[in-house]
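Read through the structure below, which is laid out as structure tokens, and then see the notes.
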Amino acid sequence: NKVLKSLKITLPSESVVLMLQEEETSYPNPKPALVLQSALQGSTNLQALAMRRFRIAVDTLVDALRNGVCRADCSLQEIDLQMSHFTSEDECSTTEDEDDDCSKEVFPKLDSSPPITPAPTTVPNKSVETLSLLLSLQPLPEVVKVVEMFQNLVHLDISGGNFTDLVALDGLLLTEKSPLERLIMYFCNIEAQPMETFARKLPLMKRLKVLVVGSNPFLTSPSCVTALKDSLWRNHSLEIVCLGGKLPNSIASRPDDGEWRDTQFLYDAPPLTNQEMLPLHLNRAGRGPLQVQLSHHLPLNLLPLILERAARLEYCAYCDISANRTMEDRKRKDVVFWLLRNLILIA
Numbered sequence: 001n002k003v004l005k006s007l008k009i010t011l012p013s014e015s016v017v018l019m020l021q022e023e024e025t026s027y028p029n030p031k032p033a034l035v036l037q038s039a040l041q042g043s044t045n046l047q048a049l050a051m052r053r054f055r056i057a058v059d060t061l062v063d064a065l066r067n068g069v070c071r072a073d074c075s076l077q078e079i080d081l082q083m084s085h086f087t088s089e090d091e092c093s094t095t096e097d098e099d100d101d102c103s104k105e106v107f108p109k110l111d112s113s114p115p116i117t118p119a120p121t122t123v124p125n126k127s128v129e130t131l132s133l134l135l136s137l138q139p140l141p142e143v144v145k146v147v148e149m150f151q152n153l154v155h156l157d158i159s160g161g162n163f164t165d166l167v168a169l170d171g172l173l174l175t176e177k178s179p180l181e182r183l184i185m186y187f188c189n190i191e192a193q194p195m196e197t198f199a200r201k202l203p204l205m206k207r208l209k210v211l212v213v214g215s216n217p218f219l220t221s222p223s224c225v226t227a228l229k230d231s232l233w234r235n236h237s238l239e240i241v242c243l244g245g246k247l248p249n250s251i252a253s254r255p256d257d258g259e260w261r262d263t264q265f266l267y268d269a270p271p272l273t274n275q276e277m278l279p280l281h282l283n284r285a286g287r288g289p290l291q292v293q294l295s296h297h298l299p300l301n302l303l304p305l306i307l308e309r310a311a312r313l314e315y316c317a318y319c320d321i322s323a324n325r326t327m328e329d330r331k332r333k334d335v336v337f338w339l340l341r342n343l344i345l346i347a
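Oh and the sequence shown: position 317 is 317 in this note's numbering, straight run, nothing missing.
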């Protein structure tokens with residue numbers, strides 16, 4: 001197929017599969033890995049692929065993706081995979097004395113088909129820039145197995161995992177050549193200790209602009225949240241940090257993310273205050289390039305551009321400001337003042 005640009009696959013629930021098999025004995029039980037690989041290999045100009053309601057062993061998923069996207073002529077730019085962690089045994093009783101409609105909502109069992117034979121030769125994928133990988137309750141090293149085959153990721157959503165340690169992200173965030181700008185980790189069971197370790201590494205992250213870590217257990221630790229907020233002053237790239245609340249559609253990987261993420265919070269934190277957001281707004285204005293130039297000669301033609309960009313910044317509508325302020329009062333004059341006092345005059 002040379003015409004198809006976007007494809008969304010939603011696998012049927014197990015009850016639907018059983019019903020179809022009763023009506024037509026030749027109806028096969030869907031094999032998600034083969035469905036995924038066929039979709040990737042059969043559409044030469046495919047740019048966006050989404051797949052829902054499936055369960056695959058991570059190694060089998062890696063092989064299916066490697067066969068489909070790790071080739072020089074791959075045209076995919078966006079991949080959205082949402083694995084289900086439900087089974088009929090988990091959610092429904094199978095005893096005869098309990099008759100309910102739970103089976104109507106269950107998802108397929110784990111695909112136990114033989115592993116896919118990997119392609120003899122593969123190359124790292126360089127076309128995919130947006131990857132949403134919701135592998136329910138998987139540890140981070142398993143998730144990274146999938147992520148590491150994509151070299152040019154800009155947007156990465158790995159929500160829904162079970163991350164007891166964040167060290168596996170170092171290769172994505174601490175390398176100079178990493179293009180990753182947006183990292184979303186909702187509902188990942190991140191505790192205080194691994195998040196504090198992650199926060200200490202924020203100054204070393206040179207490209208990351210958006211960090212979303214809402215609905216994680218570390219948000220119940222005031223000391224951990226404070227350590228994370230303090231680390232923002234030592235990072236010169238982050239512009240948006242979400243610790244809770246609704247995920248803006250402008251940074252969501254799917255248009256409906258802002259809606260469903262707003263209704264499932266287990267842990268939450270108040271939005272950042274304007275004072276806490278000051279380092280983020282300074283980064284957006286251009287604090288990073290200015291501080292890099294301080295040890296060398298600072299080009300004078302750079303200053304008007306930085307000041308003009310800083311003058312356009314506004315207080316966030318959900319922060320500690322009144323709703324009836326004028327547009328002029330919403331401007332963040334303190335960003336311009338901070339730049340003049342701490343950077344430009346020194347230079």
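Glycine included, every Cβ here is placed at the ideal spot set by N, Cα and C.
Between residue 178 and residue 127, the C-beta spacing is not below 8 Å. In its chain, beyond the 5 residues on either side, 214, 219, 225, 243 and 244 have a beta carbon closer than 8 Å to the beta carbon of residue 269. In this structure, residue 49 keeps its C-beta atom at 8 Å or more from the C-beta atom of residue 11.
As summarised for the segment 135-171, the continuous alpha helix (DSSP H) elements at least 4 residues long and confined to that stretch are 140-147, given in chain order. In the displayed model, residue 275 falls within coil according to three-state DSSP, outside both helix and strand. The shortest C-alpha to C-alpha distance from residue 176 to any of 206, 4, 77 and 123 is the one to 206. For the pair residue 222 and residue 146, the Cα-to-Cα distance works out to about 33 Å.
The residue among 193, 237, 227 and 234 with its C-alpha nearest the C-alpha of residue 217 is 193. Bridge pairing for residue 83: 54 and 135 [DSSP]. Straight across, the Cα-Cα distance linking residue 62 with residue 197 is about 29 Å. Taking the C-beta atoms as reference points, residue 70 is found nearer than 8 Å to residue 124.
The C-alpha of residue 309 is placed about 41 Å away from the C-alpha of residue 138. Contact annotation: residue 168 and residue 135 have beta-carbon atoms that are not nearer than 8 Å. DSSP, reduced to helix, strand and coil, places residue 235 outside both helices and strands of the structure shown, so it counts as coil. By the Cβ-count criterion, residue 54 is buried, with 16 or more other Cβ atoms from all chains shown falling within 10 Å of its own Cβ.
When only Cα atoms are considered, residue 51 and residue 84 end up about 11 Å apart. Straight-line spacing of the CA atoms in residue 154 and residue 42 works out to 26 Å. Residue environment for residue 133: buried (at least 16 other C-beta atoms within 10 angstroms of its C-beta).
By the beta-carbon neighbour count (other beta carbons within 10 angstroms, threshold 16), residue 171 is exposed. Around the beta-carbon of residue 3, fewer than 16 other beta-carbon atoms lie within 10 Å, marking it exposed. Looking at 158, 202 and 335, the one whose alpha-carbon comes closest to that of residue 232 is 202. Residue 9 and residue 287 have their C-alpha atoms some 44 Å from each other. No residue range can be given for residue 75, since it is assigned to no beta strand (DSSP E) and is classified by DSSP as neither H nor E. Per DSSP, residue 10 lies in no alpha helix (DSSP H) segment; the continuous beta strand (DSSP E) that holds it begins and ends at 6-10. Annotated three-state conformation of residue 125 is strand, per DSSP.
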